[in-house]
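Heads up, the thing below is written out as structure tokens.
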Amino acid sequence: MTWEPVDQWPDGRAGGVFRGAAEIVVADRGAPNALERLRTWWHSTPDHPLEATVRRAALTPGWLYVEGREGGRRRVRVEAIVGARRAGKRLIYAVADGEDLVVVERRDSFEKALAARLGDRATGWSSWRSPTSPRGLAFATLGALLLAQMGVLMIVDRYDDAMRLIAEGEPLARPAAKFYSGFGFCIAALMLVTFQPRCWLADSVGLTSVRGLFGWVTRTHPVEKVRAVRVETETLRRGKESVYTTDVEVEVAGERARLRVSRRRTKMAHDASRNREEAEAIARRLRQIFGLEG
3 MTWEPVDQWP DGRAGGVFRG AAEIVVADRG APNALERLRT WWHSTPDHPL
53 EATVRRAALT PGWLYVEGRE GGRRRVRVEA IVGARRAGKR LIYAVADGED
103 LVVVERRDSF EKALAARLGD RATGWSSWRS PTSPRGLAFA TLGALLLAQM
153 GVLMIVDRYD DAMRLIAEGE PLARPAAKFY SGFGFCIAAL MLVTFQPRCW
203 LADSVGLTSV RGLFGWVTRT HPVEKVRAVR VETETLRRGK ESVYTTDVEV
253 EVAGERARLR VSRRRTKMAH DASRNREEAE AIARRLRQIF GLEG
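Note that the working numbering has the sequence shown beginning at 3, numbered continuously upward.
Now the structure itself:
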């Protein structure tokens, strides 16, 4: 087990006098203020929710002690922190075979001390992000605008009739149903921008799927579960034409299928060769980030 529950908080200071076997505290971090809590809530995601944010922390020569928002205390060896990521005024530290750690970004002595201990595992060392598809971006933006416009027009047009029918005890009459449908169109617009388009982020924390125009929906596959990165080329013949498809796929433990992080398709053989070279370059970059051989 990577994380260990603890009862006592280290209170020793480097160069100071402390009692018994108290550990030397290299750097510590206090509780976030109201503005920091608000920013953390806004940038929280399903795989790194607000509950994962640390209330306070203390770094010793061998351990990182943290206290959660609910008051529970635990510690993890610094060597077990395998990577870090800067995301929306937050720092996410990946812990091998354990729950990730989230702290508010302050650029203070605590962050500098921890970054010095992590070395190449610190934030900004190496990362790759797939480009957002222009087609997916256009589909999400235009589709959401059309759905929202239709929804608002239906709500405004049927508002008086719907209120009258509801007051008369006929909430399921056709005018009222069209009023409700307007809200349905608005919800569909919100769902569209929440899940489309999709891109991938790879770094020392792991492989993360980022969905939506605002990046609200994410799913991270921990770096220790990434098994392999492959480039697959498929040729599909359609009559006299050939379609060349080149994919960069990542194999993750526990997933039934490999995750496609990049796809290029062309009908020209020379373009297919160039796509293959670009895919191999992406695969080499990902293998370097994930520490894979070959």
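C-beta: ideal position from N, C-alpha, C; glycine also. Just so it is clear, the structure is predicted and the values come from calculations on it, not from any experiment.
Asked	Found
How about ARG79 and GLY100: do their beta carbons lie closer than 8 Å?	no
Exposed or buried, ALA89, counting other C-beta atoms within 10 Å across all chains shown (16 or more means buried)?	buried
Taking the continuous beta strand (DSSP E) assigned at ARG229, which residues delimit it?	228-240
Going by C-alpha to C-alpha distance, which of CYS201, LEU93, MET156 sits closest to ARG137?	CYS201
May I ask you to report which of helix, strand or coil DSSP gives LEU294?	coil
Is there contact here, the stretch 157-169 with the stretch 203-223, by at least three beta-carbon pairs under 8 Å?	no
Checking 8 Å against the spacing of the C-beta atoms, do GLU6 and ARG58 come in under that value?	no
Kindly indicate which three-state DSSP category PRO7 falls into: helix, strand or coil?	strand
Run through DSSP, which three-state label would THR42 get?	helix
Go ahead and label ASP122 buried or exposed: buried means 16 or more other beta carbons lie within 10 angstroms of its beta carbon, across all protein chains shown.	exposed
From the DSSP secondary-structure annotation, give me the bridge partner or partners of ALA86.	TYR95
Select from ASP110, LEU66, GLU72, LYS114 the residue whose C-alpha is nearest the C-alpha of ALA96.	LEU66
Tell me the DSSP bridge mates of GLY70?	VAL56
Closer than 8 Å is the cut-off here; do at least three beta carbon pairs connect the stretch 237-245 with the stretch 259-277?	yes
Taking the alpha carbon of VAL233 as the reference point, which residue from VAL104, VAL56, THR220, GLU251 has its own alpha carbon closest?	GLU251
Quick check on DSSP: helix, strand or coil for ASP110?	coil
Along the alpha helix (DSSP H) that carries THR196, what are the first and last residues, could you check?	176-197
Would you call the stretch 169-186 in contact with the stretch 224-231, where contact means no fewer than 3 C-beta pairs closer than 8 Å?	no
For SER211, list the residues DSSP reports as bridge partners.	TRP202, ARG221
For the beta strand (DSSP E) containing ASP162, name the first residue and the last one.	No beta strand (DSSP E) contains ASP162, which is instead part of the alpha helix (DSSP H) from 136-169.
Going by beta carbon distance, what residues of the same chain come within less than 7 Å of ALA255, once the five residues before and after it are set aside?	LYS227, ARG229
Could you compute how far the alpha carbon of ALA117 sits from the alpha carbon of ARG131?	22 Å
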